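Colleague: Structure incoming, see below.
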Ligand SMILES: NC(=O)c1ccc[n+]([C@@H]2O[C@H](COP(=O)([O-])OP(=O)(O)OC[C@H]3O[C@@H](n4cnc5c(N)ncnc54)[C@H](O)[C@@H]3O)[C@@H](O)[C@H]2O)c1
Ligand SMILES: NC(=O)c1ccc[n+]([C@@H]2O[C@H](COP(=O)([O-])OP(=O)(O)OC[C@H]3O[C@@H](n4cnc5c(N)ncnc54)[C@H](O)[C@@H]3O)[C@@H](O)[C@H]2O)c1
Ligand SMILES: [Zn+2]
Ligand SMILES: [Zn+2]
């Protein structure tokens, strides 16, 4: 006799994504309010900071400590902020993850306590995996400090580290408790990283948001010139588009194979691996976007005029659409690796218009080759 | 200027929990049907088996391989079944987790491929953590092979390993793709483990299911005598009660502090740690249930008659309600450790009737002491 029970589970997750300035100015109540809403009395908080960020902004740990002291009614640091490796090094091994586990243990942080992680997307991915797996999940407040992390990497539901030489091989799905983006922390970010982050804004605009695309075209000169207000607006709108996609896309934990927001990413991941971290994620994404835009055009999905608009925007933002590593890339192998990571059948997003995409399940290799050659020729 | 976006995510998870017999008889289509529904063509499957189970049933890996061969249209084993440490040893370090990561890498398992984990609750917890974190989640089919795993540990959404000497310190929430319980695999399970598993049935009946409690009282003589049909029924009903609690309790991922199904578990966890694995989880739970039942009675929540019914059922099932380690237990420290693991305020379930519970947030230490003394005296 066989008995089958159908189980259905529908957890819900709610979290705020706040964009502010000078989050650690004691007069800024964003963080204190979030902690206050978590219950009575001071909440235990363990703080971890991206060492690259702290190198550029050595006063940060002190400002965090002073803020906690000023808001002692709602937050209690369990120890001084920990400074841990940032950038892709944070994801290269278990050191950051392990440090977060040890912090939760030393500080007796429980599932109702907080880890506050401050840093770039890579740092948040590693620290986030640690927080998500200690006690099966200590509350995580992410404070993203790069453009890419504020507009994309820091607002989603994924974390992870690299393993077996593969990006994000080990990780989990785990919504944060809150995300607080401090625009003022971007002041120390090198221009190169600011631009790289804007590639994700172009991407999300291209696949789902024609109005945002039009606005980015308007903002491009100011963004390229380093205008702060323009960057704030672009970050908020880009994050919003990502958040809407995750909430409304019907598959927040990516149980299926489709990943619209991975437009351009098959090549980006391969370029990142091929250049061993010399290319920023966003820089690789810009090249990947350009390649797939031209491929969409050459296969008749996208008009030439729209393809040129997309490439012009990348150009106007100062994003290179070519990298020498693309010349040597085994594109078939890269697509196969991407398929394998997503799982199952190949799903690639291609453009059918500005803000419109479809899925393709196979690639026309000669056209892809031609798109690469065209891109090489544009340099 | 501060901009706040409210993100709301509502993923849903559906999975079957099937109770069958001789799942690897090629004529049994349960597993093949589950894989067939996952899409066209043979699905890649990596198999990991609990070494304790295989020691008792050495033919198992061969039967799995033969089953896969007979159902080659829907399943393709990526390699021969791996035999990995079972029991609490599986959770003592990262070896099982690491072996699952390596299996997914060697076998190029993706998020649409499968890990089939066959073993006791401890083995499933460790292998499940590995599967949940490779590619942020390879599909996991759990095949629980102890009574406790079939009626409780194997049907939920949690996994984990022990760390820093603490039970389940590292882990995640991750619903399985399917659960297939093969009753025939229980044939090799020592009587001690069969009985231990029944403690969870008593627990879930006591906190939420008076009809199941009444049925357990009826079944108790047959269960104690090793009747197979009685055990099948008890397992299905117990699993059903757990599944209903998880699906309907409003907090499947345990974001709050309340954990009704942890009735009796504060003492159980402490006894397991104190005896360093000498006590089975279910044996420890039986003692914990008895203690908290008497405490509920002594604090006026539960009638004496009902407390005696609960203790009589444990007795009729052959479950000891006392262990010498309880005499030495620092109960205040154990309750504090439990509070810390759940997080926030203390939440303990106590009984107000058979199948009825309330939450208490503090413990009357002299009454708890008296309950312990009463239990000691009953031996
Ligand atoms: N989890 C997700 O959903 C998701 C999405 C997209 C990308 N990602 C990941 O994000 C990572 C890329 O993140 P990133 O682009 O933020 O780069 P990054 O985290 O690698 O940071 C780049 C460098 O900037 C430093 N830094 C950080 N903030 C700074 C600041 N304010 N001033 C000066 N220096 C600062 C860092 O130390 C690092 O050296 C990749 O690992 C990618 O896989 C994750
Ligand atoms: N994830 C959850 O939601 C959850 C819930 C409850 C308990 N648990 C965990 O489950 C674990 C206890 O599981 P358990 O009670 O199944 O014990 P177990 O997994 O430790 O198994 C007990 C012993 O039986 C062996 N074994 C397994 N199947 C056998 C079979 N059919 N024949 C002969 N031997 C067999 C194992 O090798 C082991 O030596 C604990 O670690 C506990 O924390 C998890
Ligand atoms: Zn990206
Ligand atoms: Zn239990």
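Protein chains in written order, with the UniProt record's numbering: chain Z, 1 to 379; chain W, 1 to 379.
Note that CB positions come from ideal geometry on N, CA and C, so glycine has one too.
Treat the numbers as computed from the prediction; the structure is a model and nothing was measured.
Does the distance from the CB of residue 133(W) to the CB of residue 53(W) come in under 7 Å?
Modeller: Result no, Cβ atoms of residue 133(W) and residue 53(W) do not sit closer than 7 Å.
Colleague: Alpha carbons only, please: which of 98(Z), 72(Z), 121(Z), 103(Z) is nearest the one belonging to residue 86(Z)?
Modeller: Checked all of 98(Z), 72(Z), 121(Z), 103(Z); the closest Cα to residue 86(Z) is 121(Z).
Colleague: Given this structure, state the Cα-to-Cα distance separating residue 174(Z) from residue 137(W), to the nearest angstrom.
Modeller: Their Cα atoms are separated by approximately 12 Å.
Colleague: So the candidates are 178(W), 198(W), 252(W), 311(W); which of them puts its Cα closest to the Cα of residue 35(W)?
Modeller: Answer by Cα proximity: 178(W).
Colleague: CB residue 176(Z) to CB residue 140(Z), shorter than 7 Å?
Modeller: Yes, these two residues count as a Cβ contact at 7 Å.
Colleague: Looking at the unbroken alpha helix (DSSP H) that takes in residue 341(W), where does it start and where does it end?
Modeller: Its alpha helix (DSSP H) spans residues 331-342.
Colleague: Which residue from 281(Z), 274(Z), 355(Z), 316(Z) puts its Cα closest to that of residue 303(Z)?
Modeller: The option with the nearest alpha carbon to residue 303(Z) is 355(Z).
Colleague: Given the structure, does residue 50(W) come close to ligand 2, in the sense that its CB is under 6 Å from one of the ligand's heavy atoms?
Modeller: Checking every heavy atom of ligand 2 against the Cβ of residue 50(W), one is found closer than 6 Å.
Colleague: With distance defined between alpha-carbon atoms, name the residue in 237(Z), 191(Z), 110(Z), 2(Z) nearest to residue 201(Z).
Modeller: Closest by alpha carbon: 237(Z).
Colleague: Say whether the segment 278-289 of chain W touches the segment 177-197 of chain W, bearing in mind that this needs 3 or more beta-carbon pairs closer than 8 Å, one atom from each stretch.
Modeller: Touching, yes.
Colleague: How big is the Cα-Cα spacing for residue 112(W) and residue 12(W)?
Modeller: If you take the alpha carbons of residue 112(W) and residue 12(W), they lie about 17 Å apart.
Colleague: According to DSSP, is residue 16(W) part of a helix, a strand, or is it coil?
Modeller: Strand, per DSSP.
Colleague: Under 7 Å, Cβ to Cβ, is there at least one residue of chain Z near residue 98(W)?
Modeller: Chain Z contact via Cβ: absent.
Colleague: Under 7 Å, Cβ to Cβ, is there at least one residue of chain Z near residue 176(W)?
Modeller: False, the Cβ-Cβ gap to chain Z never drops below 7 Å.
Colleague: Please return the same chain residues whose Cβ sits closer than 8 Å to the Cβ of residue 169(W), not counting the five positions on each side in sequence.
Modeller: Within the same chain, residue 169(W) has close Cβ partners 160, 161, 162, 163.
Colleague: Pull up the distance between the alpha-carbon of residue 119(W) and that of residue 104(W), whole angstroms please.
Modeller: If you take the alpha carbons of residue 119(W) and residue 104(W), they lie about 18 Å apart.
Colleague: Would you mind sorting residue 379(W) into buried or exposed? The rule is 16 or more other CB atoms within 10 Å of its CB.
Modeller: It counts as exposed.
Colleague: Below 8 Å on the Cβ atoms is my guess for residue 9(W) versus residue 157(Z); work out the distance and round it to an integer in Å.
Modeller: Going by Cβ atoms, the distance from residue 9(W) to residue 157(Z) rounds to 7 Å, so yes, they are a contact pair.
Colleague: What are the uninterrupted segments assigned as beta strand (DSSP E) that are 3 or more residues long and contained completely in the UniProt domain "3-dehydroquinate synthase N-terminal" (83-194) of chain Z, given in chain order?
Modeller: You should have 114-119, 139-144, 161-163, 166-170, 178-182.
Colleague: Please state whether DSSP places residue 254(Z) in a helix, a strand or coil.
Modeller: Coil, per DSSP.
Colleague: To the nearest angstrom, how far is the alpha carbon of residue 314(Z) from that of residue 242(W)?
Modeller: Answer to the nearest angstrom: the Cα atoms are 53 Å apart.
Colleague: Pick helix, strand or coil for residue 44(Z), following the three-state DSSP scheme.
Modeller: Residue 44(Z) falls in the strand class under three-state DSSP.
Colleague: Could you pull the start and end residues of the beta strand (DSSP E) that residue 353(W) belongs to?
Modeller: Start and end: 348-353.
Colleague: With a threshold of 8 Å, are at least 3 pairs of Cβ atoms found where one atom belongs to the segment 149-156 of chain Z and the other to the segment 62-76 of chain Z?
Modeller: Counting Cβ pairs under 8 Å, fewer than three are found: no touch.
Colleague: Which one of 184(Z), 148(Z), 45(Z), 15(Z) has the shortest CA to CA distance from residue 106(Z)?
Modeller: Answer by Cα proximity: 45(Z).
Colleague: Comparing the C-beta of residue 108(Z) with each C-beta of chain W, is any distance below 7 Å?
Modeller: Yes, its Cβ sits closer than 7 Å to a Cβ of chain W.
Colleague: Regarding residue 53(W) and ligand 2, is the C-beta to nearest heavy atom distance less than 6 Å?
Modeller: For ligand 2, at least one heavy atom lies less than 6 Å from the Cβ of residue 53(W).
Colleague: Drop a sphere of 10 angstroms on the beta-carbon of residue 328(W), count the other beta-carbons inside from all chains shown, and report buried for 16 or more, exposed for fewer.
Modeller: Exposed, since its Cβ has fewer than 16 Cβ neighbours within 10 Å.
Colleague: Hey, does residue 14(Z) have any beta-carbon neighbour from chain W nearer than 7 Å?
Modeller: It does; some Cβ of chain W falls within 7 Å.
Colleague: One question on the structure: do residue 71(Z) and residue 126(Z) come within less than 7 Å of each other, judged by their Cβ atoms?
Modeller: Not closer than 7 Å, so no.
Colleague: Taking the Cβ atom as the reference point for each residue, do residue 3(W) and residue 7(Z) lie within a distance shorter than 7 Å?
Modeller: No, Cβ-Cβ distance for residue 3(W) and residue 7(Z) is not below 7 Å.
Colleague: Sort out for me which residues DSSP pairs residue 367(W) with in a bridge.
Modeller: Answer is none; residue 367(W) lacks a bridge partner.
Colleague: Got a sec: is the Cβ-Cβ distance from residue 285(W) to anything in chain Z below 7 Å?
Modeller: No, no contact with chain Z.
Colleague: Measure the C-alpha to C-alpha separation of residue 382(W) and residue 346(W) and round it to an integer number of angstroms.
Modeller: Given a span of 1 to 379 for chain W in the structure shown, any question on residue 382(W) remains unanswerable.
Colleague: Classify residue 358(W): buried if its beta carbon has 16 or more other beta carbons within 10 angstroms, exposed otherwise.
Modeller: That one is exposed.
Colleague: Taking Cβ-Cβ distances shorter than 9 Å, what residues in chain W pair up with residue 252(Z)?
Modeller: Within 9 Å Cβ-Cβ: 9, 10, 11.
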